[in-house]
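Reading the sequence shown from the start, the letters are residues -25 to -1, 1 to 167 in mature numbering (1 follows the signal peptide of the UniProt record, and there is no 0).
Beta carbons are placed, not taken as given, at the ideal position from N, Cα and C, and that holds for glycine.
It should be emphasised that the depicted structure is a prediction, and the values quoted were computed from it without experimental measurement.
These notes are about the structure you will find just below.
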Amino acid sequence: MRPLVFLYALLFGLCSHPFLGEAQGGSIMQLVIDTDNNTIQAGKDYYIRPVPTSPSIICRPLPCPVGSGFTLESTTPNKTCPLNVVVQRGTGQAVTFTPVNPKTNREIYTNSDLNIKFDVKSNCPESTVWKLVSDASNGQRIVTTGGVIGNPGNNTVNNWFQIQKDDNDYNFYFCPELSASTPALNNLNKSI
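Here's what the structure looks like:
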C-alpha cells in the first residue's frame, strides 16, 4: 500500500490563543484528513509536506525548502547525533502518529495530543520520536529526536504535539494538555 501524502502549512505556535470554533470552553476535535480525503490512522505511514504561505518566496541558498519533505539530519557541527527534524528537497521520510490512547483511538484528531515518529532506522542511539528541546548554545527551541511514544506525564511533556486546522491546511503546535502546569511556549515556526 502506497503511503499517503499529508499536506501541512508548517506553523508552530502558541497554545494560549483561543481556537476558532471553541464551544463551551473546549476546542472542537475534528478528524484529520489526508490528501486522498481519508482519515489519518494511528501507526500508518504518512509524508508531511510544508506548503507555501505566500505566492512567492525567496530562499538563500537555493533550492527553496517549500514543497520539500521532512527528514532527519544532524545540525550540530562535528556531531552525527542526535538527529533533528529538518525540511529538505525531496519526498522526505515517512512519519507515524500515535494518540495518547492508541488502543481506543485509532484515528487522529485535531486539537488532541499525539506523538510523531519517523518510520526509519537510524544509526543514532536516540529514538526517532519527535521532541522539543532548547538549544544550549542559543536558547532557541528545536524539534529533535529522542522522545518516547506514550507514557503521558510531566517527564514526557516535550514529546507531545497537536495538529490544528487552519482553513484547508493543518499546522503543528507544541501545546500539550497532559499537564496543567505546562506553560504555553514560544512560537516555534523557526524550529524546523
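Rounded to whole angstroms, the Cβ separation of residue 128 and residue 102 is 17 Å, and the two are not in contact under 8 Å. Taking the Cα positions, residue 3 is about 43 Å away from residue 52.
Residue 93 has 70 as its beta-bridge partners, per DSSP. Beta-bridge pairing by DSSP links residue 119 to 59 and 106.
DSSP links residue 48 through a beta bridge to 59. In the structure shown, residue 129 adopts helical secondary structure according to DSSP, grouped into three states.
Shown here, residue 134 sits in a helix according to DSSP, grouped into three states. No Cβ-Cβ contact shorter than 8 Å links residue 8 with residue 67.
Here the alpha carbon of residue 141 sits roughly 21 Å from the alpha carbon of residue 70. Looking only at 81, 78 and 74, the smallest Cα-Cα distance to residue 134 is reached by 74. Residue state for residue 8 is assigned as strand, using DSSP reduced to three classes. Our two residues, residue 125 and residue 12, have alpha carbons roughly 27 Å apart in a direct line. At a Cβ-Cβ threshold of 8 Å, residue 5 and residue 84 count as neighbours.
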